[in-house]
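First residue of the sequence shown? That's 52 in the working numbering, and the numbers climb one at a time after it. We treat Cβ as the ideally placed atom computed from N, Cα and C, and that holds for glycine. Notes follow once the structure below has been shown.
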Amino acid sequence: MHGAPGTTKWSQLSFQQDVGAAAPAFGSAFSAGIKAVNGSALRDMLRMAQVPGMVNFGGGLPAPELFPMDRIAQASAQALEKHGWRAVQYGTTEGFLPLREWLAEHTCPGAAGVTPEHIQIMTGGQQSLDLVGKIFIDPGDTVLVETPTYMGAVQSFVPYRPHFAAVPTDDHGIEMDALEALLADLAREGRTPKFIYTIPNFQNPTGRTLSLERRERLLDLTAQYGVFVVEDDPYGQLRFSGEHLPSLAELMLRRTGGDPDRSHVVYCSSFSKTLAPGLRDAWVMAARPITERLVLAKQGADMHTPTLNQMIVTELLPLLPQQVDKLRHSYADRAGHMLAALERELPAGVSYTTPQGGMFLWLTLPEHVNTTAMLPRAVERQVAYMIGECFHALGGGHNTMRLCFSTASPQDIDRGIAALAQTIHAEL
Ligand SMILES: Cc1ncc(COP(=O)(O)O)c(C=O)c1O
């Protein structure tokens, strides 16, 4: 509304004066939740990746030359032709039914009790973590995370203001005796953690896999203490050595006679690492009381995952076994090449994991080496890695780093690992 010509309303005046005087008080405007989020390591990493000649083992991207581009183009055309305007109309929050039907059948093969009602489509696995945090965490709640863990999950949970309790891991994943002791300690203080967040297969960042025996024990302990399990499994299909292990969700369904509504496991997976991450298609499989809450949370977040993308993924489902095979072979070669280079180049006193799948491996250097302080010296030698500290929700890990092998050529791996070894040598 405008005042009559020639008159100036006081509200207009004060607005003009405020704009001229000072910027808004951004600092005090933001919530404590968002102010607690620390994203700087990732920003630094992305900046470094752009330096020409840099061998960047720090990113966590799938190999772009393996994206099935022709098939994606074909699937897009098919989806538009088959579904017409429906492909670009609003869709249901739960997700595209044919995709949910397929996921109900294939997420835990043979579990007939899983129906589309147990499947919620998400806009990337990252949204699954955010919305799981949104429906479970009240400020001050305890959330258990592995040490180290995926920093993107911590970033999703932090705005909901939980207290993190860190669970130690070794080469076979979570240390169960330590978890049991922690749960008992918390119970004595009257605290029941809301959930434990775990990545059982080819964990990001370590590449480690939780053993079968520990999977069973994790289900025992969490059932005993009334703690939900958030199982994050974006890499499970990408096994290139060793025996397939059933997911926690699958093992739990065996215990409930196939009834997902009696399971305390919230299973999250994604097409990001098997098809292409830009499609932003992922899913959660969980008991109906959980998927019903996720629907409410998602309505407030983005209403639904883009309809066309879900249809494209549905068209691509028949290609999936072949595509996953291609990825497994390629990542096996790259991991093997990196392991051979590490074996050849690294000085004594540096240990590393041997992943059976996925995209990462994890280095532990002697105690006195600080990988955060060392990073600029590595960058001078044209190699970058992800510092280990940022995968520790409660601090620590100063002498560790994550290396990603999925995008590196054999030549880059040889040059990058040689440069990394020289950098480490100079610190010893
Ligand atoms: C363990 C883990 N969970 C979730 C995600 C998020 O994946 P998406 O691309 O599906 O959002 C990632 C991505 O790197 C991841 O490593």
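{"Check": "In whole angstroms, what is the alpha-carbon distance linking asparagine 89 and valine 280?", "Outcome": "25 Å"}
{"Check": "Can you tell which of Gly161, Glu294 and Gln361 has the C-alpha that lies nearest to the C-alpha of leucine 326?", "Outcome": "Gln361"}
{"Check": "Please give the ranges of any beta strand (DSSP E) in the stretch 279 to 306, keeping only runs that are unbroken, at least 3 residues long and fully inside the region.", "Outcome": "279 to 283"}
{"Check": "So what does leucine 414 bridge to, in DSSP terms?", "Outcome": "Tyr403 and Met452"}
{"Check": "Any heavy atom of ligand 1 within a distance shorter than 7 Å of the CB on serine 298?", "Outcome": "no"}
{"Check": "Pair every Cβ in the stretch 101 to 120 with every Cβ in the stretch 451 to 460, then say whether three or more of these pairs are closer than 8 Å.", "Outcome": "yes"}
{"Check": "Could you tell me how far apart the beta carbons of leucine 269 and methionine 227 are, in whole angstroms, since I believe they sit closer than 8 Å?", "Outcome": "7 Å"}
{"Check": "With a cut-off of 8 Å, does the C-beta of leucine 378 fall near any C-beta of chain D?", "Outcome": "This model lacks chain D altogether; it includes just one protein chain."}
{"Check": "Runs of 3 residues minimum, wholly inside the stretch 225 to 277: which ones carry the beta strand (DSSP E) assignment?", "Outcome": "246 to 249"}
{"Check": "Does the distance between the C-beta of glycine 111 and the nearest non-hydrogen atom of ligand 1 fall short of 7 Å?", "Outcome": "yes"}
{"Check": "Straight-line CA distance for glutamine 101 to histidine 443?", "Outcome": "26 Å"}
{"Check": "Assign tryptophan 61 to one of three DSSP states: helix, strand, or coil.", "Outcome": "Because the pLDDT at tryptophan 61 is just 43, under 50, the model does not fix this residue reliably, and the point stays unresolved."}
{"Check": "Could you spell out where the beta strand (DSSP E) holding alanine 216 opens and where it closes?", "Outcome": "214 to 221"}
{"Check": "Can you have a look at tyrosine 141 and say buried or exposed, based on whether 16 or more other CB atoms are within 10 angstroms of its CB?", "Outcome": "exposed"}
{"Check": "What number of angstroms, rounded off, separates the C-alpha of asparagine 252 from the C-alpha of aspartate 284?", "Outcome": "6 Å"}
{"Check": "Three-state secondary structure (DSSP) at asparagine 360?", "Outcome": "helix"}
{"Check": "Report yes or no: do three or more beta-carbon pairs, one from the stretch 171 to 179 and one from the stretch 345 to 364, lie closer than 8 Å?", "Outcome": "yes"}
{"Check": "Would you kindly work out how many angstroms separate the C-alpha atoms of aspartate 222 and serine 82, rounded to a whole number?", "Outcome": "38 Å"}
{"Check": "Tell me the DSSP secondary structure of serine 320 in three-state form.", "Outcome": "strand"}
{"Check": "Around the Cβ of glycine 57, are there at least 16 other Cβ atoms within 10 angstroms (buried) or fewer (exposed)?", "Outcome": "Its pLDDT being 44, under 50, glycine 57 is placed unreliably in this model, and the coordinates cannot settle the point."}
{"Check": "Just grab the DSSP bridge partners of threonine 193 for me.", "Outcome": "His214"}
{"Check": "Can you give the beta carbon distance from methionine 389 to threonine 422, rounded, assuming they're within the 8 Å contact cut?", "Outcome": "Incorrect: roughly 17 Å between the Cβ atoms, too far for contact."}
{"Check": "Measure the alpha-carbon distance for proline 340 versus valine 346 and round it to whole angstroms.", "Outcome": "10 Å"}
{"Check": "Regarding isoleucine 363 and ligand 1, is the C-beta to nearest heavy atom distance less than 7 Å?", "Outcome": "no"}
{"Check": "I'd like to know whether the C-beta atoms of lysine 133 and valine 194 end up nearer to each other than 8 Å.", "Outcome": "no"}
{"Check": "Do you know whose CA, among Lys86, Arg151, Gly78 and Gly84, lies nearest leucine 368's CA?", "Outcome": "Arg151"}
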